[in-house]
Amino acid sequence: MKDISLIKHAYSAPGLRLFGLGPDFQPMKGLEKLQFLFNQNTLWAKDRTRDQIKKMLANSNVIITLWNNRDLVGFGRATTDQVYRAVLWDIVVSKDLQRAGLGKVIVEELLNDKKISAAEKVYLMTTDSKDFYKQLGFKVNINQSLMILNKK
Ligand SMILES: CC(C)(COP(=O)(O)OP(=O)(O)OC[C@H]1O[C@@H](n2cnc3c(N)ncnc32)[C@H](O)[C@@H]1OP(=O)(O)O)[C@@H](O)C(=O)NCCC(=O)NCCS
Numbered sequence: 179m180k181d182i183s184l185i186k187h188a189y190s191a192p193g194l195r196l197f198g199l200g201p202d203f204q205p206m207k208g209l210e211k212l213q214f215l216f217n218q219n220t221l222w223a224k225d226r227t228r229d230q231i232k233k234m235l236a237n238s239n240v241i242i243t244l245w246n247n248r249d250l251v252g253f254g255r256a257t258t259d260q261v262y263r264a265v266l267w268d269i270v271v272s273k274d275l276q277r278a279g280l281g282k283v284i285v286e287e288l289l290n291d292k293k294i295s296a297a298e299k300v301y302l303m304t305t306d307s308k309d310f311y312k313q314l315g316f317k318v319n320i321n322q323s324l325m326i327l328n329k330k
């Protein structure tokens, strides 16, 4: 898509995390913008503080951001042991740019990363977006249950 730039960040996204860097390594208040993107477009990540987001980035293996000039319009991240299991987290596209192929770009970029493609299985959790993930090859698993230990 014209004017959209994709950043595949270095491991743990130090530029974004420590300096808020965006395209061309320019300071763009990236952390504030990521917090805003989560707040505006997700149900599960509305109350994240900047310190928590920093820690989250520091401990993620693969991190993708999408920018429309100075606006942060897409995000996705993954964790992986690089052998058995990888998990996708926090895939989000800004509402005004949804259904334009950007979510697909984010997920494909994560799946094509060699640390993710090295894993035997890639997992994710979704409430409303099954059809989005199905067209990317994911299948609903009815044999296993999602178990959660809620601590908050
Ligand atoms: C889910 C999300 C990331 C999808 O991103 P997107 O950029 O809108 O998706 P794309 O345009 O890349 O979609 C590609 C294809 O996926 C399918 N798709 C996308 N969203 C869909 C939806 N809500 N329902 C059904 N199919 C969908 C369609 O086949 C679409 O192709 P089409 O536009 O030609 O019909 C985005 O809607 C979003 O950020 N939602 C809010 C946050 C969220 O729920 N994230 C998922 C957490 S698990």
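Counting from 179, one number per residue, gives the positions in the sequence shown under the working numbering.
All residues carry an ideal CB built from backbone N, CA and C; glycine is no exception.
Residue i CB to nearest heavy atom of ligand 1 below 7 Å
i	result
residue 246	no
residue 282	yes
residue 259	no
residue 226	no
residue 241	no
residue 183	no
residue 331	Lying outside 179 to 330, the shown extent of the chain, residue 331 is not represented and no answer is given.
Rounded separation between residue i and residue j - CA only
i	j	result
residue 308	residue 319	11 Å
residue 242	residue 185	6 Å
residue 239	residue 284	15 Å
residue 231	residue 191	11 Å
residue 315	residue 256	17 Å
Other residues of its chain near residue i: CB distance less than 7 Å, five sequence neighbours each side excluded
i	result
residue 223	216, 268
residue 206	198, 199, 200, 248
Selection from the options that minimises the alpha carbon distance to residue i
i	options	result
residue 220	329, 315, 326, 304	304
residue 298	314, 261, 323	261
residue 317	300, 326, 329, 327	300
residue 250	322, 194, 257	194
residue 322	229, 329, 315, 302	302
residue 181	296, 293, 280, 315	280
residue 188	291, 271, 272, 266	291
residue 233	218, 252, 213	213
Proximal residues to residue i (C-beta, below 6 Å), its chain only, five neighbours per side dropped
i	result
residue 245	183, 200, 201
residue 258	239, 264, 293, 294, 297
Cut-off 8 Å between Cβ atoms - residues of its own chain near residue i, not counting five sequence neighbours on either side
i	result
residue 209	194, 195, 198, 228, 231, 232
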